[in-house]
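In my numbering, the protein residues as written are 11 to 378. We put the beta carbon where it would ideally sit given N, CA and C, even for glycine.
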Ligand code: IPM
Ligand code: MG
């Protein structure tokens with residue numbers, strides 16, 4: 011009986027794949043794992059971690075950005091925590107293997123078509139943004155970025171020499187109606203759980219894919235009469251984001267637009283070092299990563315902000331592991347650390363990566 015209970019526990023113990031990657035990835039992941047272990051103990055949730063090398067580090071070690079066996083390991087897990095991939099060392103435009111291929115393998119391979127990037131203005135950090143406080147106050151938006159289509163995956167995508175000697179390049183922006191439908195549904199459903207407002211962002215005055223996007227979202231919207239929604243052109247949206255960010259609740263958009271708009275939106279929160287993300291498909295399985303990238307200029311210095319990765323772990327607890335209380339506790343701990351005035355270098359402070367992890371751990375203990 012005891013044995014049965016023990017083996018059952020092992021079977022149900024959530025497994026997390028940890029893919030630190032390159033640059034500051036390993037530094038911030040280390041803190042997130044440490045914090046997750048503490049959360050696990052506090053909430054009686056034993057977590058199992060499985061680490062693998064991806065990105066530039068994997069190119070150096072194995073010649074590929076992600077090995078099939080490491081992908082298979084992720085497949086056996088309930089969620090993935092990822093640092094960041096890439097860096098100048100692997101940036102040769104002629105290279106056939108690129109660190110980013112690991113990301114695309116994960117996103118496409120696990121059909122993680124919905125990338126959720128929440129942007130909130132934290133009152134404790136309102137002074138950190140380059141935007142005026144009265145414009146920012148109360149900003150709380152969620153970008154839902156389509157993640158497995160568009161320019162990132164369209165074929166052909168190549169550089170070649172034309173017969174007359176001119177070098178040419180092409181990328182392909184393609185979307186199918188079902189691809190747009192499912193991300194629109196995700197956006198509307200999420201809006202339902204929030205302030206019931208959705209903005210669909212496209213470039214329908216120029217692009218055929220955007221016209222299909224607009225038509226499809228308009229059809230999906232008919233099933234959501236409770237949601238107030240509108241389409242907006244992406245160039246206008248990039249302006250509105252800094253002119254009046256409070257007008258947005260959920261923004262749903264295609265892959266490339268979402269990539270660009272979320273870097274812009276990160277400045278509302280004060281720093282890229284704060285923004286978490288979740289990439290989901292149809293089930294609970296998800297990929298969680300900070301949106302900031304590898305930050306090669308500060309890698310190895312121990313000064314990176316681990317909060318985006320720690321907050322990504324909170325999203326993991328909520329969305330993949332069904333642990334909303336643990337997620338709340340973790341987010342609460344981060345909030346108190348910021349309210350106490352601790353800041354990493356990206357926010358003008360001197361708190362180190364490890365100290366930030368320690369502070370969050372201390373707050374978790376203090377709360378329970
Ligand atoms: C992101 C990043 C990636 C992307 C890069 C690293 C390929 O910028 O997740 O936003 O463009 O999707
Ligand atoms: Mg990006």
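| request: Would you check if the distance between the CB atom of residue 304 and the CB atom of residue 32 is smaller than 8 Å? | output: yes
The ligand MG and residue 301: does the residue's C-beta get closer than 7 Å to at least one heavy atom of that ligand? yes
Return the Cβ separation of residue 124 and residue 190 in integer angstroms, given the expectation that the two are a contact with Cβ distance under 8 Å.
In fact, because the Cβ distance is near 12 Å, the residues do not count as touching under 8 Å.
_Tell me which residues share the same chain as residue 150 and place their Cβ nearer than 6 Å to its Cβ, disregarding the 5 neighbours each side in the sequence._
130
Where are the alpha helix (DSSP H) runs, 4 residues long or more, that stay fully inside the segment 242-299, in chain order?
244-253, 265-279
(message) Between which two residues does the beta strand (DSSP E) holding residue 360 run?
(response) Neither: residue 360 is in no beta strand (DSSP E) and is coded neither H nor E.
Exercise. Any idea what DSSP makes of residue 212, helix, strand or coil?
Worked result: Reduced to three states, the DSSP call for residue 212 is strand.
Check whether the Cβ of residue 338 lies closer than 7 Å to any heavy atom of the ligand MG, and answer yes or no.
no
**Message:** What does the Cβ neighbour count give for residue 223, buried or exposed, with the cut at 16 atoms within 10 Å?
**Reply:** By the neighbour-count rule (16 or more Cβ atoms within 10 Å), residue 223 is buried.
Tell me the residue span of the alpha helix (DSSP H) that contains residue 78. Going by DSSP, residue 78 is part of the alpha helix (DSSP H) stretching over 78-85.
Meets three-Cβ-pair contact criterion under 8 Å: the segment 272-292 and the segment 178-186:
no
**Prompt:** From 352, 321, 24, 350, pick the residue whose C-alpha is nearest to that of residue 340; which is it?
**Reply:** 321
> Can residue 154 and residue 230 be called in contact, C-beta distance under 8 Å?
Replying inline: no
Q) Between which two residues does the alpha helix (DSSP H) harbouring residue 329 extend? A) 317-329
Under 8 Å by Cβ, that's how I've got residue 297 and residue 271 pegged, so tell me the actual separation to the nearest angstrom.
Not a contact, Cβ separation roughly 20 Å.
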